[in-house]
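In order, the protein sequences belong to chains G and Y. Quick note: the first sequence, position 90, residue 90 per this note's numbering, numbers continuous. Positions in the second sequence are counted from 1; adding 1000 to them yields this note's numbering. In what follows, a single structure is set out as structure tokens and then discussed.
There are 2 protein chains.
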Amino acid sequence: MLEKIEATHDRIKSTINQTPVMTSTILNNLTNADCFLKLENFQKTGSFKFRGAFNAVSSLSLEQKERGVTTHSSGNHAQALSLAAKMAGVKAVVVMPENAPKIKVEATKSYGAEVVFCGTKPNDREQTTQELIDEFGYTLVHSSNEINIIYGQSTATYELIKEVGMLDYVFAPCGGGGLLSGTAIATKALCPNAKVIGVEPKNADDAYRSFRDGKIYPSINPNTIADGLRTSLGSNTFRIICENVDDIITISEEQIVDAMEFLWSRMKLVIEPSGAVSLAGVLSKQIDLKSKKVGIVISGGNVDLTSFFEKIRKKIT
Amino acid sequence: MLEKIEATHDRIKSTINQTPVMTSTILNNLTNADCFLKLENFQKTGSFKFRGAFNAVSSLSLEQKERGVTTHSSGNHAQALSLAAKMAGVKAVVVMPENAPKIKVEATKSYGAEVVFCGTKPNDREQTTQELIDEFGYTLVHSSNEINIIYGQSTATYELIKEVGMLDYVFAPCGGGGLLSGTAIATKALCPNAKVIGVEPKNADDAYRSFRDGKIYPSINPNTIADGLRTSLGSNTFRIICENVDDIITISEEQIVDAMEFLWSRMKLVIEPSGAVSLAGVLSKQIDLKSKKVGIVISGGNVDLTSFFEKIRKKIT
């Protein structure tokens, strides 16, 4: 396991950002712990997703690279795959519902991908993606359930532990489970005694229930501000999480916003709601962290600030 | 000069945050330069002011420490001096106008200082401060014009150049001139061929005019969003700037907000308007930076986010 994680890191390290780790005296005082935040908001394209996407694209055969890649996503994976493909000289086609936020469409296009719109019904995305694969021979790069994606995401925690040494706990958010799976295998490979805690919004607790009951529950239209965590576990992420994660806890929407405000106001970091979820788990005090050394994976910082800056611009004119 | 800067850094380095330096591919592409951002938003109390304040407090005699310190400020210096004094076990009394924003009063109190309110007329602050000094024997720690403050601020650029090596240009914002003075002496001491550029809002261009005409013009109620840059130069900062700064340029309010939006949206950093001014100067392209190695001092990140998070909280309930 460790060898494969190291090989992955070697392959992608000159392209990804080796993101900073930060600490906060106030946070340590609040938690009575030594907290180390791994800041993937500073990753290329604004989230950890670039690690997995670039690793997946790098792992393609020459023939696959010539044909191109595709995925369906209106979130961070879309932007990550778009840039990863561009950097590898590979064509990328991203399928998005026709009602996707304009800012996400533009961001994905700005990194070089072609965007193909589909309907808004539950299976429209998969169907349109499959049609593209059938017609053009693109390779599907799924946002979380692929092994190369999971190994790519594992490099964040690999870097964290290499930088700060052995940890007692590592907290990561859970949506499709790609980041949590990667966090878990890196933690268990480098520091087997550390406990890995997945954190999920109460309003989107499918992974919590899946982990508890030993079977995958699909996530059905969950209502959470953490828009990156609305997806379901896949077969691979479910298996890896069951084998390597010690617990999954849930937190409220208010706790997510409180953690986000702490990160912005006290730590001066722009973090999206999904990115604040792991810290919300730590601050919820469901787990006794007294005197523990705690890694916290902060997943991304892509927030639409258009209206915030519109308001500021109105003030100065 | 270099010896004194090094001695200052040695004295304060275990207390201040040695803040990170960040780069951005997008920024380098925009400017055709190699840009290195020194991020003082990650300094204790959210701005570079802590460097100077802690150095000033550390340099007091035992007798002065026993009596305590005072200053008049409703901005970042108030919070910085408050925490610096607390960490040194020294009493701090901060004079603020009675209409100072509640969040700034609370922040200053939260770091441990006593706040004394004064009237809102031009000389009320100085008068109240002088009365406190006369009655209690406090030592005045001015926000920018004191030599120990200036040497404290110089450590930001000292760290920057020590980390990234020789630079061709260093950009810093200019308000009272403490940061620009410190930036200039550190740059000239470590890398004498580099040019130091001060950046000021057009709407508060007293330092620009003072530098041009060789005499101090007071700053009179300037209307700029960069609230940290509304103060006038002092005798020491004016002299050091005239001797060590190569040019002062001015930028518009729109350019400040554009730079701020770039820092938030693309670099995921919470930066206050004054903190974005140096980058606005770089992005204004008044100086040809093609293929140059450019240091940019980002001064702080204290923004009132109360209404931003109120709006988010309304959405989730």
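Glycine included, C-beta positions come from ideal geometry on N, C-alpha and C. A quick note: this is a predicted structure, and the numbers were derived from the prediction, not measured.
| Asked | Found |
| --- | --- |
| Proximity of H72(G) and V95(G) at Cβ, strictly below 7 Å | yes |
| Members of the region 1264-1279 of chain Y near chain G, C-beta cut-off 7 Å | W1264, S1265, K1268, L1269, V1270 |
| Chain Y within 7 Å of P173(G), Cβ atoms only | no |
| For M1087(Y), the three-state DSSP class (helix, strand or coil) | helix |
| Three CB pairs or more closer than 8 Å across the region 302-313 of chain G and the region 1010-1026 of chain Y | no |
| is_contact[E1057(Y), chain G] using C-beta, thresh 7 Å | The sequence given here has Val at residue 1057(Y), not Glu. No, because no Cβ of chain G sits closer than 7 Å to the Cβ of V1057(Y). |
| The region 177-184 of chain G in contact with the region 263-275 of chain G per 3-pair CB rule at 8 Å | no |
| Interface positions of the region 1033-1053 of chain Y facing chain G (Cβ-Cβ less than 7 Å), listed along the chain | N1041, F1042, G1046 |
| Residues that G1301(Y) contacts on chain G, provided the C-beta gap is smaller than 7 Å | K268 |
| Cβ of V1021(Y) within 7 Å of any chain G Cβ | no |
| Beta-carbon neighbours of R313(G), restricted to chain Y and to distances below 8 Å | E1254, V1257 |
| Closer than 7 Å to chain Y by CB, I16(G) | no |
| Own chain partners of E126(G) with C-beta closer than 6 Å, once the 5 adjacent residues on each side are dropped | none |
| Nearest-angstrom beta carbon gap, E1261(Y) and L263(G) [assumed within contact, 8 Å] | That pair is no contact at about 19 Å. |
| Residues that DSSP places opposite D34(G) in a beta bridge | K293(G) |
| Residues near A1189(Y) by beta carbon distance below 7 Å, same chain, minus five either side | M1001, L1002, I1005 |
| Minimum Cβ-Cβ distance from E1098(Y) to chain G less than 7 Å | no |
| Where D205(G) falls: helix, strand or coil (DSSP) | coil |
| Ranges of the beta strand (DSSP E) found wholly within the region 101-131 of chain G, counting only runs of at least 3 | 114-118 |
| Same chain, Cβ closer than 6 Å to K1318(Y), five either side skipped, listed in chain order | As displayed, chain Y neither begins before 1001 nor continues past 1317, which places residue 1318(Y) out of reach and without an answer. |
| Beta carbon of T237(G) nearer than 7 Å to that of S144(G) | yes |
| Segment limits, alpha helix (DSSP H) that includes Y1151(Y) | 1147-1164 |
| Within-7 Å CB hit, E261(G) to chain Y | yes |
| Opening and closing residue of the alpha helix (DSSP H) in which T70(G) lies | Note, T70(G): premise wrong, no alpha helix (DSSP H); beta strand (DSSP E) at 69-72. |
| Of the listed residues R67(G), I197(G), A56(G), M87(G), nearest to D246(G) (C-alpha basis) | I197(G) |
| Partner residues on chain G for I1225(Y), Cβ-Cβ distance less than 8 Å | I312, K315, I316 |
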